[in-house]
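Heads up, my numbering is the position in the sequence shown plus 972, with the first residue counted as 1. All residues carry an ideal CB built from backbone N, CA and C; glycine is no exception.
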Amino acid sequence: FAAQMALLLLCTWFAVRQTTRPLSALAAAAEALDPGEKGLPMSESGPSEVAHAARAFNAMRDRVAQYLEERVQILAAISHDLQTPITRMRLRADMADDTPEKEKLVSDLREIERLVQDGIAYARSAHGNGEKSSRIDLASFIDSIAYDYQDTGKAVTVAGMVRGTASTKPHALRRILTNFIDNALKFAGSAEIKVDRRAEGAVVITVLDRGPGIPDEMLHNAMQPFFRIETSRNRDTGGTGLGLAIAQQLAGTIGGSVRLYNRQGGGLAAEVTFP
């Protein structure tokens, strides 16, 4: 009798496992859903109910990816089409007599032009511009970025460095870091770059400043497109609200992630981690 019960329990366990395995796969696929990545579709085999759920999930994923792709294309098209009239307006403004009104008009046109350029950059950053990975020397790469700013009189220093190389997309990584640095310079006037390598080999590059920081309750929204904090990080500083959003999207193209946190004693830390 004991043997029969054991066999019955084993068969029951196997049947339940076979039934729940597709549901576990569906849950895992839902958690790993990234519309920006072209992953393999979920298997649509199995019982009819499970196969139907898998087909519905694959269709939903494709629709979400299509909607996001259309949004990016629309943003890129609008931004591109706006460049021509903006250029004409700037030329006409430059030919006008020097007056306070002209200065305000030129300033507004520059702001619009910067927003358009950032819009195009944001649209392109979703796919990383097709850049291929290559191996870089970390110290030389970071020093070159700091020197570019120092040559123009900007207070950008390297506070910590690890030696070695990393395989990544250099142009994407450079854009991420320059967006971080530009952000720090706008709100703090200076920036420090620190490079670490974790035990598992991941590279962590952090840009530090002593500016006003971001309220803790707003940190999770700070990398949303066009997000600005009106109290201390407003339009008067020249930001468009896309710099951090571009950095986050580019981080995804190098297999990395971006994190923001407030420093003890004041200031913001912008961190990118990649394998």
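For residue j and residue i, the rounded distance between their alpha carbons
i	j	result
Phe-947	Gly-1215	Since the first residue shown for the chain is 973 and the last is 1247, residue 947 is missing from the structure and cannot be characterised.
Arg-1062	Leu-1047	22 Å
Ala-1219	Arg-1107	20 Å
Thr-1056	Ala-1095	18 Å
Asn-1234	Leu-1157	16 Å
Gln-1089	Pro-1013	35 Å
Leu-1054	Ser-1097	19 Å
His-1052	Gln-1045	10 Å
Ala-1127	Thr-1140	26 Å
Ala-1049	Tyr-1039	15 Å
Arg-1116	Pro-1187	Arg is not the amino acid found at residue 1116; the sequence shown has Ser there. Taking the straight line joining both Cα atoms gives about 32 Å.
Ser-1229	Leu-1081	34 Å
Pro-1184	Gln-1196	19 Å
Candidates the options: closest to residue i by CA position
i	options	result
Val-1284	Arg-1107, Leu-1145, Val-1128 and Ala-1156	Residue 1284 is absent from the model: the chain starts at 973 and stops at 1247.
Phe-946	Ala-1241, Ala-1025, Glu-1085 and Met-1032	As shown, the chain starts at 973 and ends at 1247. That puts residue 946 outside it, with no answer to give.
Gln-1236	Leu-1180, Phe-1199, Asp-1070 and Val-1230	Leu-1180
Ala-1163	Asp-1188, Lys-1104 and Gly-1239	Gly-1239
Ala-1118	Arg-1027, Val-1167 and Tyr-1094	Val-1167
Arg-1169	Ala-975, Leu-1232 and Ala-1111	Ala-1111
Gly-1224	Asn-1030, Phe-1246 and Asn-1234	Phe-1246
Ile-1058	Arg-1043, Ile-1084, Glu-1075 and Pro-1187	Ile-1084
Arg-1226	Cys-983, Arg-1147, Asp-1120 and Arg-1033	The sequence given here has Ile at residue 1226, not Arg. Of the candidates Cys-983, Arg-1147, Asp-1120 and Arg-1033, the one whose C-alpha sits nearest the C-alpha of Ile-1226 is Arg-1147.
Ala-1171	Ala-1002, Val-1134, Val-1230 and Met-1195	Val-1134
Leu-1087	Gln-1221, Met-1032, Phe-1199 and Ala-974	Phe-1199
Phe-1113	Ala-1131, Thr-1137 and Val-1036	Thr-1137
Which residues DSSP lists as bridging residue i, in chain order
i	result
Glu-1164	Thr-1129 and Leu-1180
Phe-1246	Val-1175
Distance cut-off 6 Å: residue i Cβ against heavy atoms of the ligand COA
i	result
Ala-1095	With respect to the ligand COA, the structure offers nothing, as it holds no ligand at all.
query = For the segment 1093-1124, which segments carrying the alpha helix (DSSP H) assignment without a break, of at least 4 residues, lie completely within its bounds, in sequence order?
reply = As far as the segment 1093-1124 is concerned, its whole alpha helix (DSSP H) runs of at least 4 residues are 1110-1122.
inquiry  = Would you call the segment 1066-1084 in contact with the segment 1016-1025, where contact means no fewer than 3 C-beta pairs closer than 8 Å?
reply    = No, they do not touch.
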